[in-house]
Structures are given as structure tokens and as C-alpha cells.
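The block underneath contains the structure these notes are about, expressed in C-alpha cells.
There are 2 protein chains.
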Amino acid sequence: MTKEALSLKLHMRVADVLGMAILRGDYPAGTVLPPEMQLCEELGISRTALREALRGLIAKGLLESRPKRGTLVRDEVYWNHLDPDLLRWRIETTDTSTYLEKMFALRRATEPEAAALAARHALPENRAQLAADFQAMVDAGDDDAAWVEADLAFHRTVYLATRNEFFWPIGEMLAVSLRQMFSIAAQGSHRARAIAEHADLCSAIVEGKPDLARAASLTLLGNAVSDIDRVRTEGR
Amino acid sequence: MTKEALSLKLHMRVADVLGMAILRGDYPAGTVLPPEMQLCEELGISRTALREALRGLIAKGLLESRPKRGTLVRDEVYWNHLDPDLLRWRIETTDTSTYLEKMFALRRATEPEAAALAARHALPENRAQLAADFQAMVDAGDDDAAWVEADLAFHRTVYLATRNEFFWPIGEMLAVSLRQMFSIAAQGSHRARAIAEHADLCSAIVEGKPDLARAASLTLLGNAVSDIDRVRTEGR
DNA sequence: TGATTCTTATTTGTAATACAATATTACTTA
DNA sequence: TAAGTAATATTGTATTACAAATAAGAATCA
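First to last, the sequence lines map onto chains A and B.
Following my numbering, the numbering of the first sequence begins with 337 at its first residue and continues without gaps.
Following my numbering, the numbering of the second sequence begins with 337 at its first residue and continues without gaps.
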């Protein structure tokens, strides 16, 4: 068991190793993992640590275990693909270009509707937060890192402002995913246009105009598509 | 620790108890749970079982733990609200009428786009499955249970057929949620219309016509809204 | 006094061992 | 052959002991 990472606790490092192995395809769906005792030896850890790691993977839908039968990998259909850990394991094992496209398809489906819902149901504090996030984008100036963080915060706030908790995991997942994307390709292009678009979306939500918000979100995403393509061609 | 349920394994029953307690609001965000030893006594279980239950809840984003500091409840924003277990705990603790509306808002956002994606990317086996699911709806006749199951399978297949795994957890969650809904209010009304609408959606996807599929999904959902309202007024 | 460092105590984290429960497999028997 | 039964491997639970981390308080120093 190499210490490799900053995930302090042992069982979490073990979960990382096993999770990545599964995501990588080392154990296809239906496969049974090696018996606990054997895995303990291979990894050089106690059964306690291993089992706690397995419980985490089971909770995320990756595994399923029964006495005598063993611990087997469930069909991918049951995995919680929006889980931040899953996403992380995926990023570190599989090819990124394919999943960015899929991620964006989900975003395109949900974000305009989320914007409309936010315009309708957002609390005053949500609207204030959104305005603050937007202001941070403006204030970022030429600081790329600051701009990206503000951008991520802005879109995350949109999902939160729906006050519909079923939208939240999607927003969180997109935040993680987009951060990864931005770290690949440096930003800075079309920033003026981006600010104008975000301004439209922000005011539509703050002023409680659902249809305007949906439309603003759509145009914003429409333009972001080209950025995605740029990432896919340039970066990696 | 009462045996109460059919979840065979102890640590899973414990997870149910704690999960429901958290969902119910017994431990608001930021609260620290009682120390492990104390919880063990209260529940009458070993520390092993308790900790394995906690690892599961941590994996779902509900909890966070550190030495000395204790195990505390995270902000709801980080919970995996699409997780089947979370949904189940929620159904058994909180009021259903509120979340059905939210669930439907998510469905309205994602399903038309999922239908369009399915029409584009579905594998032959996906299309065959969808046709089979539709046929099962037709064959159900007056058998309410069979019809509901076929209906659930149909919509689940739509999400799978997108071949975009980020859509899958949503489809799974909706399946669980809709099953709960149907168990509240008996069905049977407008079945002829429902079959016609599903036929349109099915053929659009099978024949690979994205725009038609999206439109068919939208009309289908538009009519389903009234069913929801019916459920909310009649049932309970 | 105020800030800093050290000590202490509490809580989670990991290990090791033993046994129980369960389901597969193989065997036995009618 | 079929049904039932026993052997066996694997996960599930309990117990104990100790390690590690950190928050809080005590002691120290400027």
C-alpha cells in the first residue's frame, strides 16, 4: 500500500485504489473481487481498513457483497456517476475527451431549466449570492484563476438557487468537472462576451424572470460549446 | 437495535436508522453525532457495525469525520440526493407531496433531452428493449401492476439509451420515485391516450428522430403533470 | 498582559483475533 | 435421478488493544 496521496485516512486511500481499478475496467461488471483476506495481503492492510473501504464503494453503488458468494462489481447502470469521487477516479483513469462531451449534454439539459426555476424560487440570499459571484467575475480582471473560480461559483449558485435539491448533485458534479476542464486549457478568450452573457442571466434570475433566465442560459451554453471544442482539440 | 426490516445485514439496518434520523432532521447540518462508543451503547451494537454504517453514510456525502472533532453532518448541498437509499429514507420520513413536485421538475428538464439523445445514440439493443417495454405496456391490459412496471421500465430504458452515463442515476432515481407515486394513487385513467403518446415516443427513438423524440417526450410529460396534481389532491 | 509553546485528554483510525451466519458445493441416500 | 444433507469457503459481527490526530487547556516566555 503506497501512501501516494493526500487522502489522509487509510481506508480512503484503499477506496481510491479499488475505485480506480474498477473504473479502469480491471474488474468488469459481474466479476467478483478477490476474497477479503487475499486483498488484505496484496494491499498490506488490515481487514478492518479494507472492509470500511468496501462499504464506501458499496454505498456508491459500485459493489455488492454476500457471504460465500463474494464481493462483486455491479452493472454500471447502478453506479452513482454523479458522485464526486467517481468522477475523480474516472478522470484519473479514463480518457477525458469523451466524458466532457457527455457532461456537457447533461448540462445543456438541466441548466436552462435550473435557471428558470431559480428565477422563480430563489431566496433573497440566493439572489444576493449570485450577484456577488457575478461581481467576483467582473473583479477578477486578468487573474485567470480567480475568474475560473468565480465562474464555477456562479453556475453552482444557479443550481442551488432552484431550491430543488434534486438539481444540487448535478451542479456539484458539473463544478468538479468544469474545474478539471479549465485546468486543461487556459482561459481568457471572449471574456467580455462571457461577462455580458452572465450579466443577462444574473439579472434575469435576480429580478425573477424565468423565461428570460432560461433563454439567457441557453445562449450562454450555446457559446460555451465552442470553448469545449477548443479544449478537445487543443488540450491533449 | 430492533430488527424491524428486511435489510438483512446489521450495518445496513444501522445505516437505515441513522440515515432516516438525519433526513428527518434530528441532526441538522453542522451537528456532531454522539461519539461512536455512545452510539454503540444506544443501538446495542458493536463498534465494527456502527463504523461500517458510518462509512456508507460518509460515502453518500451525508457525514464527515475527524479524530477528536467527531462525526458531523455535512450541509445538504453535498448530499447525493439522487441516491436510491437517500430517496427511500426521505420517503419514510418527510412529506411526499413536496418532493414529488421537485422530482417532476427534474424529470421535465432531463427527459425530453434524454429522449433526443436516445434517438441519436441508442444501440440496437436499446431500441429493441424500448420496443419490448412498450409492447409490455400494451399487453398489460387491465393489469394495473403490470402496466406500472412496464411504464417504469420504458422510461428507465430511455435514460439508459442515451448512452450517457451521467443521465443514468437520474433515470434510476425517477424509477424509484415514480414507483412510490404509483403506489399511492391507483392508475387506470387515460390509458388509451398514454399508450398513444408512448407509441409516438417509442417510434421516434427507434427510428432515430431526435426532434420528434424530444417533442413526444414533452407532450407526454405535459399530460402527466395533471396526473401528478391528481395524486397530490386525492392521495393522502 | 499577550502570545506562544507544550501537555493532556478525547475521539476517531487501524490492527488482530475469534466466532457467527450464510450460501455454494459436494456428497449421500432413497 | 432427485432430494436432502453435510462440508466448506466467504462475508458479517464482536471484542480488545493500541495508534494517530487534534481541540482545549496549561505552562512558559517575551
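Positions of the beta carbon are idealized from the N, C-alpha and C atoms, including for glycine.
query	result
What is the rounded straight-line gap between the Cα of Leu557/A and the Cα of Ala532/A?	13 Å
Report the option in Tyr414/B, Val368/B, Met356/B whose CA atom is closest to the CA atom of Leu423/B.	Met356/B
How would you call Arg360/A, buried or exposed, if buried means at least 16 neighbouring beta carbons within 10 angstroms?	exposed
Should Gln465/A be flagged as near chain B, meaning a C-beta pair shorter than 7 Å?	no
Beta-carbon of Phe502/A versus every beta-carbon of chain B: anything under 7 Å?	yes
Please report how far the alpha carbon of Ala497/B lies from the alpha carbon of Met439/A, in whole angstroms.	16 Å
Leaving out five residues before and five after Ala535/A in sequence, what residues of the same chain have Cβ atoms less than 8 Å from its Cβ?	Phe470
Step through the CB atoms of chain A and report whether any lies within less than 7 Å of the CB of His417/B.	yes
Using 10 angstroms around the beta-carbon of Leu344/B, count the other beta-carbons present and answer buried if the total reaches 16, otherwise exposed.	exposed
Verify whether the separation of the beta carbon atoms of Ala299/A and Ala540/A is less than 7 Å.	Lying outside 337 to 572, the shown extent of chain A, residue 299/A is not represented and no answer is given.
When the distance is taken between beta carbons, is Glu400/A closer than 7 Å to Arg573/B?	Any answer about residue 573/B is impossible in this case: the structure gives chain B only from 337 up to 572.
So the candidates are Asn416/A, Ala530/A, Ala560/A, Ala351/A; which of them puts its Cα closest to the Cα of Ala476/A?	Ala530/A
Does the region 460-467 of chain A come close enough to the region 492-509 of chain A that 3 or more CB-CB pairs lie under 8 Å?	yes
Sorted by chain position, which residues of the same chain lie with C-beta nearer than 8 Å to Arg515/B's C-beta, five sequence neighbours on each side aside?	Val484, Leu488
Determine the direct distance from the alpha carbon of Thr384/B to that of Leu369/A, and round the result to whole angstroms.	22 Å
So with CB distances below 7 Å, who are the chain B contacts of Pro505/A?	Asn416, His417, Leu418
Is it true that the CB of Val512/B sits closer than 7 Å to the CB of Trp504/A?	no
Is the Cβ-Cβ distance between Trp425/B and Leu398/B less than 7 Å?	no
So what's Glu501/B in DSSP terms, helix, strand or just coil?	coil
Would you mind stating whether Ala455/A and Lys545/A have Cβ atoms separated by less than 7 Å?	yes
Would you list the residues sitting across from Leu399/A in a DSSP beta bridge?	Val409/A
Select from Pro448/A, Ala482/A, Ala481/A the residue whose C-alpha is nearest the C-alpha of Cys538/A.	Pro448/A
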